[in-house]
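Read in order, the letters of the sequence shown are residues 38 to 173 in our numbering.
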Amino acid sequence: MIRSRFHLAFNVNDIESTRKFYIDILGCQAGQSTDEWLDFNFFGHQVSAHVGVIAATTQGQVDDLTVPTPHFGCLLTEQDFSALIASIDENNLPYMYAPQIRYAGKKYEQKNFFIKDFSGNVLEFKCYKHDDAVFM
């Protein structure tokens with residue numbers, strides 16, 4: 038079976054701070070780049086950051102949490118989730134929403150947090166207790 042990967046392109050303020058956030062802090066692998074765009078491996082997916090106008094952020098409601106939209110992120114293993122938190126903390130980056138456990142004790146229990154990149158784009162990272170609950 039072919040493993041599916043997604044591609045996402047989004048705008049950033051500049052390539053230098055984008056490289057620091059995604060490559061140096063999050064640990065993504067850099068791909069091709071110019072002064073205007075940067076491709077990188079975002080946890081197995083192809084992402085392209087382009088210098089341009091950043092999309093306005095609005096809010097949506099998910100149960101008791103007000104979530105910023107648009108946002109993107111990744112579902113991680115427990116080990117990768119913990120390592121990412123350690124890197125963010127070592128670099129003294131502020132969380133929009135600190136790591137937390139949501140839906141405790143339910144089949145779809147998950148850990149998550151929200152953070153902004155240096156251009157203000159919002160990312161959410163999750164870790165499900167039960168992998169088969171992702172699409173519940």
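Quick reminder that beta carbons are idealized off the backbone N, C-alpha and C, glycines included.
Glutamate 73 carries a coil assignment under DSSP once its states are collapsed to helix, strand and coil. The secondary-structure analysis by DSSP pairs valine 88 across a beta bridge with Val49. The bridge partners DSSP lists for phenylalanine 151 are Tyr134, Glu161. Straight across, the Cα-Cα distance linking valine 49 with valine 159 is about 11 Å.
Rounded to whole angstroms, the gap between the alpha carbons of isoleucine 62 and aspartate 76 is 16 Å. Sixteen is the threshold: since fewer than 16 other Cβ atoms of the shown chains lie within 10 Å of the Cβ of alanine 120, the residue is exposed. In terms of Cβ geometry, isoleucine 138 and lysine 153 do not form a close pair [threshold 8 Å]. Cβ contact annotation for glycine 81 (same chain, cutoff 7 Å, sequence separation greater than five): Arg42, in chain order.
Residues of the same chain with a CB within less than 7 Å of the CB of glutamine 83, apart from the 5 flanking positions on each side, are Arg42, His44, Asp76 in chain order. Going by beta carbons, phenylalanine 155 and glycine 110 fall outside the 8 Å limit.
By the C-beta density criterion, threonine 94 is exposed, having fewer than 16 other C-beta atoms within 10 angstroms.
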